[in-house]
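What follows is a single structure, written as structure tokens, with notes after it.
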Amino acid sequence: MTTPAEIRAIHDLPIPELLFRAAAAHRAHWDPEEIQFCTLDSIKTGACPEDCAYCPQSARYDTGLKVEPMKELDAVLEGARAARDQGSTRYCMGASWREVRDDAGFEAVLAMVRGVADLGMEVCVTLGMLDATQARRLKEAGCKVYNHNIDSSKDFYETIVSTRKFDQRLRTIDAVRQAGLEVCCGGIVGMGETIDHRVHFLHELTQLDPPPESIPINHLVPVAGTPLADLPPVPPLEFIRMIATARILFPASRIRLSAGRTAMSDEMQALAFLAGANSLFTGDKLLTTPNPGENHDRRLLAALGMRVEGARV
Ligand code: SF4
Numbered sequence: 001m002t003t004p005a006e007i008r009a010i011h012d013l014p015i016p017e018l019l020f021r022a023a024a025a026h027r028a029h030w031d032p033e034e035i036q037f038c039t040l041d042s043i044k045t046g047a048c049p050e051d052c053a054y055c056p057q058s059a060r061y062d063t064g065l066k067v068e069p070m071k072e073l074d075a076v077l078e079g080a081r082a083a084r085d086q087g088s089t090r091y092c093m094g095a096s097w098r099e100v101r102d103d104a105g106f107e108a109v110l111a112m113v114r115g116v117a118d119l120g121m122e123v124c125v126t127l128g129m130l131d132a133t134q135a136r137r138l139k140e141a142g143c144k145v146y147n148h149n150i151d152s153s154k155d156f157y158e159t160i161v162s163t164r165k166f167d168q169r170l171r172t173i174d175a176v177r178q179a180g181l182e183v184c185c186g187g188i189v190g191m192g193e194t195i196d197h198r199v200h201f202l203h204e205l206t207q208l209d210p211p212p213e214s215i216p217i218n219h220l221v222p223v224a225g226t227p228l229a230d231l232p233p234v235p236p237l238e239f240i241r242m243i244a245t246a247r248i249l250f251p252a253s254r255i256r257l258s259a260g261r262t263a264m265s266d267e268m269q270a271l272a273f274l275a276g277a278n279s280l281f282t283g284d285k286l287l288t289t290p291n292p293g294e295n296h297d298r299r300l301l302a303a304l305g306m307r308v309e310g311a312r313v
């Protein structure tokens, strides 16, 4: 078991040694020239009762976000087909719910899961807290992965979210595992946390057994109207250290570059790939915040001599 002190020692390695170790771990499990493309679709947007300090979808913050009800099935399937045609192999659907309820909304999500799975894509959903029976129903409908981020270390988490507890996150992840779903679980860098909070966040992930199959590492997108709107960006090399440390700790997991890529240069993203990131979200938007878009991502991969993993195009 890796201790927080051992994780901190890895995190603080000189950059050449850190990147060398991360690249070696990456190559032992993955083709370092391939990047998985995933698409994230916001199937119900805004008016969330939770108070996550980074999130423009919380009903508590005045961010000018347009609230949108549950999408129609046809619109979701149209989006999934387009994403597949652009090279995405995973389609993630997110609803701004506190928790799953056994109601018509959940039945609608189950129909979306069936429809996207029938297109031959990996299906992931993120719907807030759920129990093992609901997780089993998602699995039976064809869902492969459930996303539920722990965001940060336990003590820092409780300074950015007051409407639920860190341990509730862990209970949902446990229910997801009981149902035989894969776990996608990561966090956000740049919310005002210290390096030690980041280390404890990674340590929490090492306590999950088995480890998450996907680990999204988000860079905070400060949104006007949220409590974190005025935070300065994390220095690029601090972000790269998080990617590399995650890759060394979780050599067989996907490490996903998620929110915040529009503020990253191509060179920084290339460094992130060298540090072991092997998945990203494509599309012009990531739920409600901007994202580089497929064309930019394809050009970047081409310039780097890299490929989209498993793409049909
Ligand atoms: S992160 Fe999720 S749970 Fe938190 S406010 Fe945003 S939509 Fe709601």
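According to the UniProt record's numbering, the sequence shown is numbered sequentially starting from 1.
Idealized CB from N, CA, C, for every residue including glycine.
Where residue i sits in the DSSP three-state scheme
i      : result
TYR146 : strand
ALA9   : helix
GLN36  : strand
THR45  : strand
GLU72  : coil
ALA95  : strand
ARG164 : coil
VAL67  : coil
ASP102 : coil
ARG60  : coil
GLU107 : helix
GLU50  : coil
GLU182 : strand
ASP31  : coil
LEU19  : helix
Beta-carbon proximity list for residue i, same chain, < 6 Å, skipping 5 on both sides
i      : result
ASP297 : THR282
PHE37  : GLY87, SER88, THR282 and VAL308
TYR157 : ASP151 and PHE166
PRO216 : GLY186, ARG256 and SER258
Cβ pair residue i, residue j closer than 8 Å
i           : j      : result
HIS26       : ARG247 : yes
LEU202      : CYS185 : no
CYS92       : LEU127 : no
LEU274      : ILE35  : no
VAL123      : ALA117 : yes
residue 397 : LYS139 : The question about residue 397 has no answer here: the residues shown for the chain are numbered 1 through 313.
LEU220      : LEU228 : yes
VAL67       : THR45  : yes
ASP85       : THR163 : no
LEU249      : ILE15  : no
VAL145      : SER214 : yes
ARG90       : MET121 : yes
THR194      : ALA53  : no
PRO222      : LEU208 : no
residue 323 : TRP30  : The structure shown does not extend to residue 323, since the chain is modelled only from 1 through 313, so no value can be given for it.
LEU119      : ARG169 : no
Neighbourhood of residue i by C-beta distance below 8 Å, restricted to the same chain and skipping five residues each side
i           : result
CYS48       : CYS55, GLN57, SER58, ALA59, SER96, TRP97 and ARG98
residue 335 : Nothing in the structure corresponds to residue 335, since the chain is present only between 1 and 313.
GLY305      : GLU33
VAL234      : VAL189, GLY190, HIS219 and LEU220
LEU43       : Reading the sequence as shown, one finds Ile at residue 43 and not Leu. Cβ neighbours of ILE43 beyond the five flanking positions: MET70, LYS71, VAL76, MET93, GLY94, ALA95, VAL109 and MET112.
LEU73       : ALA108, ALA111, MET112 and GLY115
ARG21       : ILE10, LEU13, ALA244 and ILE248
MET268      : PRO236, PHE239 and ILE240
ARG312      : Because the pLDDT of ARG312 is 49, which lies under 50, any placement of that residue in the model is unreliable, and the number read from its coordinates should be weighed accordingly. Within the same chain, ARG312 has close Cβ partners ARG84, ASP85 and GLY87.
CYS143      : VAL113, ALA117, VAL123, CYS124, VAL125 and LEU181
CB contact below 8 Å: residue i versus chain B
i     : result
ALA83 : This model lacks chain B altogether, as it is built from one protein chain only.
Sequence-distant residues of its chain with Cβ nearer than 7 Å to residue i (five each side left out)
i           : result
THR172      : MET129, LEU130 and HIS148
ASP155      : none
LEU19       : ALA244, LEU274 and ALA275
residue 327 : The requested residue 327 does not occur in the structure, where the chain is confined to residues 1 to 313.
Integer-rounded CB distance, given that residue j should sit under 8 Å from residue i
i      : j      : result
ALA224 : THR63  : 7 Å
ALA23  : GLY310 : Between GLY310 and ALA23 the Cβ distance is about 22 Å, and since that is not below 8 Å, they are no contact.
VAL199 : PRO4   : 5 Å
ARG175 : ALA135 : Looking at the sequence shown, residue 175 is not Arg but Ala. Contact holds; Cβ gap of about 5 Å.
Self-check item: Length-filtered (4 minimum) alpha helix (DSSP H) runs lying within the region 187-212
Solution: 195-206
Quiz item: Enumerated in chain order, which unbroken segments of the alpha helix (DSSP H) with a length of 4 residues or greater are wholly contained in the region 118-143?
Solution: DSSP runs (the alpha helix (DSSP H)) wholly in the region 118-143: 132-141.
Practice problem: Ignoring anything shorter than 4 residues or poking outside the region 207-290, list the alpha helix (DSSP H) runs there in chain order. | Solution: Taking only runs of at least 4 residues, the alpha helix (DSSP H) segments lying wholly in the region 207-290 are 236-249 and 266-274.
Quiz item: Residues near the ligand ZN, CB to any non-hydrogen atom under 6 Å, in chain order?
Solution: The ligand ZN is absent from the structure shown, which contains only the ligand SF4.
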